[in-house]
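See structure below.
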Amino acid sequence: MPDRYQGGCHCGSVKYACSAPPELTFYCHCNDCQRIAGSPFSVELMVPSDAFEVRGELGTYSVKGDSGKPVHRFFCPHCGSGIYLECEADPGYVFLKVGTLDDASWVKPDMHIFTAAKQPWVGLEDSLPEYDKVPEE
């Protein structure tokens with residue numbers, strides 16, 4: 010895993026860098042991620058907020074998460090790429106979309122979450138832990 014990694018949006022208007030390893034990497038099968046990704050799941054990195062820096066104009070909107078607390082989603086207002094989100098249920102972290110990394114070859118997911126919402130035609134054949142929602146601390 011690199012000491013520092015970076016990424017950005019599709020058009021290049023938004024760039025970011027991280028200086029800490031992710032605390033968790035996961036496949037998310039929740040309905041929101043399916044709709045936003047336009048695919049049956051999203052792959053995300055949970056990164057400490059203080060190790061994350063972003064440059065460029067961001068658009069944002071907020072929705073109520075499964076925790077009942079707001080989830081703030083950040084995207085490029087020019088090309089629409091979703092970059093990261095912040096969950097008030099998990100203060101101090103950002104959740105980066107792995108597809109926005111410049112090089113994602115080092116990423117190794119730890120688990121599948123929200124498998125209760127998983128599409129029935131998606132097979133999970135990787136032996137990673139599976140959680141109907143999110144794992145308890």
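Under the working numbering, the final residue of the sequence shown carries the number 146; numbering is consecutive throughout.
For glycine and all other residues, C-beta sits at the position ideal for the given N, C-alpha and C.
inquiry  = Buried or exposed, going by whether 16 or more other CB atoms sit within 10 Å of the CB of Leu54?
reply    = Along the sequence shown, one-based indexing puts residue 54 at 45. Classification of Leu54: buried, given that the 10 Å Cβ count is 16 or more.
- Query: Which residues in the same chain as Asp141 place their Cβ atom closer than 8 Å to its Cβ, once the five residues preceding and following it in sequence are excluded?
  - Reply: The residue you call residue 141 lines up with position 132 of the sequence shown. Contacts found: Phe123, Thr124 and Ala125.
Inset, instruction - Find the nearest neighbour of Ala60 within the set Gly77, Arg13, Ala46 and Val23, judged by alpha-carbon distance. - result: Stepping through the sequence shown from its first residue, residue 60 is reached at position 51. When each option's Cα is compared against that of Ala60, the closest is Arg13.
**OP:** On the DSSP bridge assignment, give the partners of Lys73 in chain order.
**Re:** Mapped onto the sequence shown, residue 73 falls at position 64. Answer by DSSP bridge pairing, in chain order: Pro79.
Assigned secondary structure, Ala125 (DSSP; H/G/I helix, E/B strand, else coil): Translated into the one-based positions of the sequence shown, residue 125 becomes position 116. Three-state result, Ala125: helix.
Report task. Can you have a look at Thr69 and say buried or exposed, based on whether 16 or more other CB atoms are within 10 angstroms of its CB? Result -> Within the sequence shown, the letter at position 60 stands for residue 69. Per the 10 Å Cβ criterion, exposed.
**Report entry** Cutoff 6 Å; reference Phe83; Cβ partners in own chain excluding five residues on either side
**Finding:** Locating residue 83 in the sequence shown gives position 74, where the first residue counts as 1. For Phe83, where only same-chain residues beyond five positions count, the Cβ hits under 6 Å are Leu67, Thr69, Ile92 and Tyr93.
* Can you give me the start and stop residues for the beta strand (DSSP E) that Arg13 sits inside? => Taking the first residue of the sequence shown as position 1, residue 13 is located at position 4. Premise fails: Arg13 is in no beta strand (DSSP E) and is neither H nor E.
Contact between the stretch 15-24 and the stretch 40-47: three or more CB pairs below 8 Å? no
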